[in-house]
Amino acid sequence: MATPEENNQLVIAPESTPETQPNKRRKKKSIVWEHFTIENVSPGCRRASCNQCKQSFAYSTGSKVAGTSHLKRHIAKGTCPALLRNQTPFTPGMNGNGSMSDPPKRRYRSPSSAYISFDSDRCRHEIARMMIMHDYPLHMVEHSGFLAFVQNLQPRFDMVSFNTVQGDCVATYLREKQNIMKFVEGMPGRVCLTLDMWTSSQSLGYVFITGHFIDSDWRPQSRILNVVMEPYPDSDMAISHAVACCLSDWSLEGKLFSITFNHPVGEPGLENLRSLLCVKDPLIINGQLMIGNCSARILSSIAKDVLWAGREIIKKIRDSIKYVKTSESHEEKFLELKQQLQVPSEKSLSLDNRTQWNSTFQMLVAASELKEVFSCLDTSDPDYKEAPSMEDWKQIEIICTYLKPLFDAANVLTSRNNATPITFFHELWKIHELSRAVASEDPFISSLAKLLREKIDKYLKDCSLALAIAVVMDPRFKMKLVQFRFSKIFGDEAPLYVKIVDDGLHELFLEYVALPLPLTPTYAEDGNFENMKTEDNQGTLLSDHGLTDFDMYIMETTSQNTRSELDQYLEESLLPRLQELDVLDWWKMNKLKYPTLSKLARDILTIQVSTADPDSVFDTEIKELDSYRSSLRPETVEALVCAKDWLQYASAAPAEISNAIVKVGS
Numbered sequence: 001m002a003t004p005e006e007n008n009q010l011v012i013a014p015e016s017t018p019e020t021q022p023n024k025r026r027k028k029k030s031i032v033w034e035h036f037t038i039e040n041v042s043p044g045c046r047r048a049s050c051n052q053c054k055q056s057f058a059y060s061t062g063s064k065v066a067g068t069s070h071l072k073r074h075i076a077k078g079t080c081p082a083l084l085r086n087q088t089p090f091t092p093g094m095n096g097n098g099s100m101s102d103p104p105k106r107r108y109r110s111p112s113s114a115y116i117s118f119d120s121d122r123c124r125h126e127i128a129r130m131m132i133m134h135d136y137p138l139h140m141v142e143h144s145g146f147l148a149f150v151q152n153l154q155p156r157f158d159m160v161s162f163n164t165v166q167g168d169c170v171a172t173y174l175r176e177k178q179n180i181m182k183f184v185e186g187m188p189g190r191v192c193l194t195l196d197m198w199t200s201s202q203s204l205g206y207v208f209i210t211g212h213f214i215d216s217d218w219r220p221q222s223r224i225l226n227v228v229m230e231p232y233p234d235s236d237m238a239i240s241h242a243v244a245c246c247l248s249d250w251s252l253e254g255k256l257f258s259i260t261f262n263h264p265v266g267e268p269g270l271e272n273l274r275s276l277l278c279v280k281d282p283l284i285i286n287g288q289l290m291i292g293n294c295s296a297r298i299l300s301s302i303a304k305d306v307l308w309a310g311r312e313i314i315k316k317i318r319d320s321i322k323y324v325k326t327s328e329s330h331e332e333k334f335l336e337l338k339q340q341l342q343v344p345s346e347k348s349l350s351l352d353n354r355t356q357w358n359s360t361f362q363m364l365v366a367a368s369e370l371k372e373v374f375s376c377l378d379t380s381d382p383d384y385k386e387a388p389s390m391e392d393w394k395q396i397e398i399i400c401t402y403l404k405p406l407f408d409a410a411n412v413l414t415s416r417n418n419a420t421p422i423t424f425f426h427e428l429w430k431i432h433e434l435s436r437a438v439a440s441e442d443p444f445i446s447s448l449a450k451l452l453r454e455k456i457d458k459y460l461k462d463c464s465l466a467l468a469i470a471v472v473m474d475p476r477f478k479m480k481l482v483q484f485r486f487s488k489i490f491g492d493e494a495p496l497y498v499k500i501v502d503d504g505l506h507e508l509f510l511e512y513v514a515l516p517l518p519l520t521p522t523y524a525e526d527g528n529f530e531n532m533k534t535e536d537n538q539g540t541l542l543s544d545h546g547l548t549d550f551d552m553y554i555m556e557t558t559s560q561n562t563r564s565e566l567d568q569y570l571e572e573s574l575l576p577r578l579q580e581l582d583v584l585d586w587w588k589m590n591k592l593k594y595p596t597l598s599k600l601a602r603d604i605l606t607i608q609v610s611t612a613d614p615d616s617v618f619d620t621e622i623k624e625l626d627s628y629r630s631s632l633r634p635e636t637v638e639a640l641v642c643a644k645d646w647l648q649y650a651s652a653a654p655a656e657i658s659n660a661i662v663k664v665g666s
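See the structure below:
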């Protein structure tokens with residue numbers, strides 16, 4: 001029979017139950033009792049036995065209790081032999097998932113929940129992902145602070161070197177590339193490329209090549225495909241070499257539709273690119289679908305010209321804002337005057353970032369609305385000197401008038417969903433109208449209007465085909481809007497440009513008609529080609545009944561006796577502009593009515609007008625690769641940039657991707 005002392009002892013063991021433990025002794029709360037059992041060794045002497053390795057530790061002798069610190073060390077420091085077999089040592093405050101949580105009110109769940117498997121390879125993989133996703137320098141793994149942090153976090157992890165983590169990042173890139181290659185191969189349509197040329201402190205060029213396409217659900221997709229280092233970025237072969245690398249790397253020969261680039265290329269360079277496309281992809285009407293002027297770069301170029309024309313007056317505004325914003329007392333005085341004058345403007349003053357022209361525009365707009373306060377400050381504060389005159393404020397308003405349509409057009413490009421050729425065509429028209437509408441003898445105004453008109457007209461002439469055929473694919477406009485706008489833009493030359501668009505569109509359509517297509521392309525395109533097979537698994541297609549010649553006869557006679565899909569589409573009435581229209585969705589809904597034209601429309605609507613990321617649309621300078629990235633091998637730079645892009649899409653939910661909606665007022 002157990003002694004009273006034995007009945008009073010607390011035994012934390014799997015078979016223990018509340019019924020076996022008397023109520024007169026309070027249940028032990030320390031977490032170590034999830035891992036130890038108290039055993040009676042001799043009268044008055046008890047020891048704590050590890051449930052894992054059975055090692056015995058002193059607990060109490062007579063009335064003296066040894067405490068639990070040495071027991072915690074046995075578990076937490078990883079000295080328990082049983083826990084060293086691929087187990088992570090217990091840490092106070094750790095939950096069953098191995099992460100930190102709030103201290104429990106009573107006790108933890110079970111002994112097994114305090115351990116997670118330690119996988120060194122998995123840790124290396126996660127370090128590589130971290131480096132890629134957050135643009136951390138690869139040498140960080142050799143920094144003393146990082147080494148100390150990891151060693152305290154997990155002493156058993158063998159730290160990696162720069163070369164190791166570089167190899168792990170490249171391995172991550174290669175794994176993800178296999179998935180992206182399958183993704184690109186599964187695209188039903190063709191690919192449009194954008195080439196964004198970056199520079200570096202070593203005067204090397206880096207061409208960021210992004211592929212744009214429409215997936216089988218008619219949703220726009222894009223992925224960075226390559227980062228090609230060009231030693232001589234200004235050479236005539238730089239752009240064509242980068243394109244050739246991309247086509248070869250991703251097996252895109254015969255799948256390319258258009259190219260948009262932001263780097264100035266001379267006529268020899270353009271001829272090299274056309275020659276390449278004629279060999280690699282002869283179906284894009286002899287290389288005519290090349291947009292050599294990125295729209296964001298054109299808008300930034302015009303904005304810089306406008307700002308340069310008013311640079312002296314803008315400096316006065318900037319200095320006035322500095323006077324107010326760099327002194328607390330000056331700013332308080334300014335706000336007090338604003339309240340006294342009851343100026344209704346809600347805008348606040350801020351200095352511009354000269355690398356982003358939109359910030360200068362917004363600075364000028366805010367200052368212009370507060371010009372009365374500046375004028376009053378000039379008379380009430382003797383320290384405020386060189387205040388803008390009324391004539392200066394008039395010129396600031398003129399500058400803002402010319403920058404406003406540029407700002408609106410660039411804002412369209414900051415949204416991936418709205419940066420379509422159709423939307424941008426409408427914004428260009430507004431800029432063109434402003435350049436033509438202003439007729440003034442003021443030399444300042446006339447000079448601004450001239451530079452605006454010259455650059456916009458050149459861009460429209462160079463890119464008229466690519467922009468116009470996209471507008472034609474909008475069932476609310478078709479050729480009618482092209483004819484109307486071109487008559488305003490090109491005047492007497494309008495019929496010539498309209499004919500170029502009409503001929504180019506029909507030539508493209510005939511090329512698509514000539515493509516080898518299955519009998520029911522809709523099913524095959526959507527990945528349901530296997531559903532066309534009979535269910536007896538004999539692999540016989542529904543069309544394989546000796547009627548192939550009949551199918552060819554139907555196609556030939558139909559094309560001879562009826563209008564083409566394109567002509568039928570162009571002759572039908574325009575859709576009313578009473579509501580927003582998702583043009584891609586409209587073609588998806590009408591792909592059975594226009595089986596060939598819908599494929600052409602899908603590829604046309606993939607054309608990109610800008611190579612800039614939304615964050616760099618307003619940049620006034622060419623983007624430069626930082627010195628650290630420039631010091632890495634070109635293959636490593638490509639791996640880091642591409643893998644970061646791919647990993648963020650891999651973690652994005654499908655619901656986050658939406659189709660482009662073209663907003664046009666009635």
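Just so we're aligned, residue 1 is where the sequence shown starts under the UniProt record's numbering, counting upward by one. Every residue, glycine too, gets a C-beta built ideally from N, C-alpha and C.
### Message
Just to check my reading of the structure: Gly189 and Arg577 have Cβ atoms closer than 8 Å, yes? What is that Cβ distance to the nearest angstrom?
### Response
Counting from 1 along the sequence shown, the entry for residue 189 is found at position 189. Counting from 1 along the sequence shown, the entry for residue 577 is found at position 577. About 27 Å separates the two Cβ atoms, so there is no contact after all.
### Message
Less than 6 Å between C-beta atoms, sequence neighbours within five positions excluded: which residues of the same chain meet that for Val32?
### Response
Along the sequence shown, one-based indexing puts residue 32 at 32. Correct list, in chain order: Thr68, Leu71 and Lys72.
### Query
Mind checking whether Val228 and Pro634 have CB atoms under 9 Å apart?
As a first step, residue 228 is located in the sequence shown; it is residue number 228 there, counting from the start. As a first step, residue 634 is located in the sequence shown; it is residue number 634 there, counting from the start. Yes, they are a contact pair.
### Message
Within the continuous beta strand (DSSP E) that includes Tyr206, where are the two ends?
### Response
Looking up residue 206 in the sequence shown gives position 206. Gly205 to Ile214 is the span of the beta strand (DSSP E), which, as asked, contains Tyr206.
### Query
What does Asn226 pair with, by DSSP beta-bridge criteria?
Stepping through the sequence shown from its first residue, residue 226 is reached at position 226. Answer by DSSP bridge pairing, in chain order: Ile209.
#### Entry: the stretch 416-433 in contact with the stretch 308-319 per 3-pair CB rule at 8 Å
no
### Message
Among the candidates Lys593, Gln395 and Gly44, whose CA atom is the shortest distance from the CA of Ser63?
### Response
Within the sequence shown, numbered from 1, the residue matching residue 63 stands at position 63. Closest option to Ser63, judged by alpha-carbon separation, among Lys593, Gln395 and Gly44: Gly44.
### Task
Specify the secondary structure class of Lys371 as computed by DSSP and reduced to three states.
Residue numbering aside, residue 371 sits at position 371 when the sequence shown is read from its first letter. Looking at Lys371 - three-state DSSP - the assignment turns out to be helix.
### Query
Taking the runs of the beta strand (DSSP E) that are 3 residues or longer, which of them lie wholly in the stretch 328-368?
Runs of the beta strand (DSSP E) inside the stretch 328-368: none found.
### Task
Express the C-alpha separation of Gly491 and Ser464 in angstroms, rounding to a whole number.
Stepping through the sequence shown from its first residue, residue 464 is reached at position 464. Stepping through the sequence shown from its first residue, residue 491 is reached at position 491. Those two C-alpha atoms are separated by around 14 Å.
### Task
List the endpoints of the continuous alpha helix (DSSP H) containing Ser320.
For the purposes of this step, residue 320 is identified with residue 320 of the sequence shown, where counting begins at 1. Looking at the DSSP string, the run of the alpha helix (DSSP H) that includes Ser320 is Arg311 to Lys325.
### Beta-carbon gap between residue 685 and Pro614 smaller than 9 Å
Past the edges of the chain, shown from 1 to 666, lies residue 685, and the structure says nothing about it.
### Query
Where does the unbroken beta strand (DSSP E) through residue 670 begin, and where does it stop?
Residue 670 lies beyond the stretch modelled for the chain, which goes from 1 to 666, so this question has no answer here.
### Query
Between Lys347 and Glu369, is the Cβ-Cβ spacing less than 9 Å?
Here the question's residue 347 lines up with position 347 in the sequence shown. Here the question's residue 369 lines up with position 369 in the sequence shown. With contacts defined as CB atoms closer than 9 Å, Lys347 and Glu369 qualify as a contacting pair.
### Query
Near Tyr628, which residues of its chain fall below 6 Å by C-beta distance, leaving aside the five closest residues on each side in sequence?
Reading the sequence shown from its first residue, position 628 is the one you call residue 628. Answer for Tyr628: Pro137, listed in chain order.
### Task
Report the rounded CA-to-CA distance for Leu570 versus Leu605, giving the unit in angstroms.
Along the sequence shown, one-based indexing puts residue 570 at 570. Along the sequence shown, one-based indexing puts residue 605 at 605. Their Cα atoms are separated by approximately 17 Å.
### Task
Indicate whether the contact test is met: 3 or more Cβ pairs, each with one atom in the stretch 166-182 and one in the stretch 197-206, closer than 8 Å.
Contact between the stretch 166-182 and the stretch 197-206 is absent, because fewer than three Cβ pairs lie under 8 Å.
### Task
Report yes or no: do the stretch 323-338 and the stretch 394-402 share at least 3 C-beta pairs separated by less than 8 Å?
no
### Task
May I ask which residues mark the beginning and end of the beta strand (DSSP E) holding Phe424?
Locating residue 424 in the sequence shown gives position 424, where the first residue counts as 1. Unbroken run through Phe424 is the alpha helix (DSSP H), Pro421 to Ala437; no beta strand (DSSP E).
### Query
From this set, Glu142, Thr360, Ser329 and Gln579, which residue's C-alpha is nearest Leu377's C-alpha?
Your numbering for residue 377 matches position 377 in the sequence shown. Leu377 has its Cα closest to that of Ser329, out of Glu142, Thr360, Ser329 and Gln579.
### Message
So, under 8 Å CB-CB, Ala650 and Ile132 are touching, yes? Tell me the CB distance rounded to an integer number of Å.
### Response
For the purposes of this step, residue 650 is taken as residue 650 along the sequence shown, with counting starting at 1. For the purposes of this step, residue 132 is taken as residue 132 along the sequence shown, with counting starting at 1. The pair is not a contact, with the Cβ atoms about 12 Å apart (cut-off 8 Å).
### Message
Applying the 10 Å Cβ sphere with the 16-neighbour rule, what's the burial state of Thr360?
### Response
If you number the sequence shown from 1, residue 360 lands on position 360. Classification of Thr360: buried, given that the 10 Å Cβ count is 16 or more.
### Query
Going by the beta-carbon positions, is the gap between Phe467 and Pro421 smaller than 9 Å?
Looking up residue 467 in the sequence shown gives position 467. Looking up residue 421 in the sequence shown gives position 421. Checking the displayed sequence, the identity of residue 467 turns out to be Leu instead of Phe. Against a cut-off of 9 Å, the Cβ pair of Pro421 and Leu467 comes out as a contact.
#### Entry: Residue from Ser161, Phe407 and Val41 with nearest C-alpha to Ser300
Locating residue 300 in the sequence shown gives position 300, counting from the first residue. Of the candidates Ser161, Phe407 and Val41, the one whose C-alpha sits nearest the C-alpha of Ser300 is Phe407.
### Query
How many angstroms separate the CA atom of Val482 from the CA atom of Val472?
Mapped onto the sequence shown, residue 482 falls at position 482. Mapped onto the sequence shown, residue 472 falls at position 472. Distance between the alpha carbons of Val482 and Val472: 7 Å.
### Task
Have a look at Ile314, Ser320, Gln356 and Phe374 and flag the residue whose alpha-carbon is nearest the alpha-carbon of Val343.
The residue you call residue 343 lines up with position 343 of the sequence shown. Residue Phe374 is the option with its Cα nearest to Val343.
### Query
Which whole runs of the alpha helix (DSSP H) in the stretch 612-659 are 4 residues long or more, in chain order?
627-631 and 634-650
### Query
Among Glu507, Thr620 and His143, which has the Cα closest to the Cα of Leu566?
Position 566 of the sequence shown, counted from the start, is the residue given in the question as residue 566. Among Glu507, Thr620 and His143, the Cα nearest to that of Leu566 is on Glu507.
### Query
Helix or strand or just coil, what does DSSP make of Arg106?
Position 106 of the sequence shown, counting from 1, holds the residue named residue 106. The predicted model places Arg106 with a pLDDT of 44, which falls under 50 and marks its position as unreliable, so this point remains unresolved.
### Query
Per DSSP, what kind of secondary structure is Ser235 in: helix, strand or coil?
Translated into the one-based positions of the sequence shown, residue 235 becomes position 235. Residue state, collapsed to three classes: coil.
### Message
Quick check: what's the CA-CA separation for Leu460 versus Glu493?
### Response
Looking up residue 460 in the sequence shown gives position 460. Looking up residue 493 in the sequence shown gives position 493. If you take the alpha carbons of Leu460 and Glu493, they lie about 13 Å apart.
### Distance between Trp646 and Gln166 (C-alpha atoms, nearest Å)
Within the sequence shown, the letter at position 166 stands for residue 166. Within the sequence shown, the letter at position 646 stands for residue 646. Straight-line Cα distance between these residues: approximately 18 Å.
#### Entry: Contact under 9 Å by Cβ, Lys371 with Ile396
Working through the sequence shown from its first residue, we reach residue 371 at position 371. Working through the sequence shown from its first residue, we reach residue 396 at position 396. Yes. Within cutoff.
### Query
So what's Ser99 in DSSP terms, helix, strand or just coil?
In the sequence shown, the residue the question calls residue 99 occupies position 99. Only weak support is given to the placement of Ser99: the predicted model assigns it a pLDDT of 44, under 50, and the question is left unresolved by the model.
### Task
Express the C-alpha separation of Ala296 and Val412 in angstroms, rounding to a whole number.
Counting from 1 along the sequence shown, the entry for residue 412 is found at position 412. Counting from 1 along the sequence shown, the entry for residue 296 is found at position 296. Distance between the alpha carbons of Val412 and Ala296 is about 10 Å.
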